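In my numbering, the protein residues as written are 613 to 886.
Glycine included, each C-beta is placed from N, C-alpha and C at the ideal position.
These figures come from a predicted structure and were not determined experimentally.
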DNA sequence: CATTTCACCTGGTGGC
DNA sequence: TGCCACCAGGTGAAAT
């Protein structure tokens with residue numbers, strides 16, 4: 613479900629509703645997979661802490677914990693995987709199947725992590741011991757043109773595979789890789805290192821435009837993505853190629869092709885993309 | 001090292 | 001209605 617625009621939408625929604633609130637009680641499911649940090653250690657770290665702010669880094673949601681913004685002591689880092697949801701609810705709201713974490717807040721609200729496939733991850737970081745969370749790759753919304761081009765220099769892998777590599781760029785997933793390549797007019801199987809400087813700049817600009825447009829629409833709800841309050845996004849209505857295999861291209865009416873690149877379903881227009 | 005493949009999970013869909 | 005194959009927003013380990 614969640615790539616940069618979806619994670620940004622969730623992080624903003626959670627921040628609006630819980631910043632300044634204090635965690636008074638913590639509950640975790642017994643499935644070990646979602647816990648990058650053991651449930652016991654997260655429990656000790658989270659209970660009693662105040663959530664100062666919530667924001668996005670790449671595809672991660674970072675909850676800053678401390679007494680105020682100038683004294684952050686710890687972080688709770690949430691990765692939604694494919695099907696994760698981070699929801700702000702009332703305590704009475706029915707607990708959804710596959711709920712793995714419930715943080716009861718002083719205000720009476722609850723912060724819940726729900727994840728059917730359990731590909732998501734929850735991590736607790738003590739800043740003194742572990743340091744602050746940092747993504748490996750660059751932020752696509754702010755990277756400079758020169759640095760963006762340098763990411764792909766000399767690489768033989770497909771440009772689509774390179775876009776998905778989180779240690780190069782952080783936050784781009786299958787939807788926005790396909791959509792940005794369409795808007796830039798570049799075929800997904802092209803070797804990353806063979807793109808011209810002009811093509812790379814078209815790609816960077818397309819990526820920024822697509823990601824920002826999607827954030828404005830609350831992200832893409834292809835099947836089950838919802839924001840922090842359970843509301844779906846609308847950017848799926850703007851998709852030009854993603855999951856449109858066989859359907860006519862909106863620009864030239866040529867049927868959109870679906871192929872496999874880096875093991876992922878990949879969609880492109882054979883006429884508009886060179 | 002760079003690149004590719006596969007396993008990790010549940011659930012929805014479409015064919016028979 | 002049931003069974004089965006296939007597909008899905010991600011990522012890290014193992015293989016090549």
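| Check | Outcome |
| --- | --- |
| DSSP three-state call for residue 880: helix, strand or coil? | strand |
| Please name the residue in 818, 800, 837 and 825 whose C-alpha comes closest to that of residue 896. | Any question about residue 896 goes unanswered here, given that the chain covers just 613 to 886. |
| Pair every Cβ in the stretch 724-743 with every Cβ in the stretch 646-658, then say whether three or more of these pairs are closer than 8 Å. | yes |
| Flag this pair as yes or no: are the beta carbons of residue 673 and residue 690 separated by less than 7 Å? | yes |
| Classify residue 575 as buried or exposed, calling it buried when 16 or more other Cβ atoms lie within 10 Å of its own Cβ. | There is simply no residue 575 to check, as the chain begins at 613 and stops at 886 in what is shown. |
| Determine, using beta-carbon pairs with one atom in the stretch 714-730 and one in the stretch 752-767, whether at least three such pairs fall under 8 Å. | no |
| Please determine, among 662, 774 and 745, the residue with the shortest C-alpha to C-alpha distance to residue 790. | 774 |
| Helix, strand or coil for residue 757 per DSSP? | helix |
| On the criterion of 16 or more Cβ atoms from any shown chain inside 10 Å, does residue 872 qualify as buried, or is it exposed? | exposed |
| Considering only the beta carbon of each residue, do residue 671 and residue 626 sit closer than 7 Å? | no |
| Excluding the 5 residues flanking residue 739 on each side, which residues of the same chain have their C-beta closer than 8 Å to its C-beta? | 684, 685, 686 and 687 |
| Within 10 angstroms of the Cβ of residue 621, are there 16 or more other Cβ atoms? Answer buried if so, exposed if not. | buried |
| In or out: residue 727 buried (at least 16 other Cβ within 10 Å) or exposed? | buried |
| Is residue 771 closer than 7 Å to residue 606 when the C-beta atoms are compared? | Residue numbering for the chain in the displayed model covers 613 to 886; residue 606 lies beyond these limits and cannot be assessed. |
| Between the stretch 807-814 and the stretch 834-849, can you find at least three pairs of beta-carbon atoms closer than 8 Å? | no |
| Quick test of your reading: residue 634 and residue 662, contact by CB under 8 Å. State the CB separation rounded to the nearest angstrom. | 5 Å |
| Suppose you measure from the CA of residue 865 to the CA of residue 833; what does that come to, to the nearest Å? | 25 Å |
| Quick check on the DSSP output: the alpha helix (DSSP H) that includes residue 724 runs from which residue to which? | That residue, residue 724, is in no alpha helix (DSSP H); its beta strand (DSSP E) goes 722-726. |
| What's the gap between the Cα of residue 859 and the Cα of residue 876? | 19 Å |
| Once DSSP output is grouped into helix, strand and coil, what is the label at residue 662? | strand |
| Have a look at 741, 821, 881 and 831 and flag the residue whose alpha-carbon is nearest the alpha-carbon of residue 797. | 881 |
| Going by CA-CA distance only, name the one from 650, 614 and 844 that's closest to residue 693. | 614 |
| At what residues does the alpha helix (DSSP H) containing residue 625 begin and finish? | 616-630 |
| For residue 784, tell me which candidate among 698, 748 and 885 has the shortest Cα-Cα distance. | 748 |
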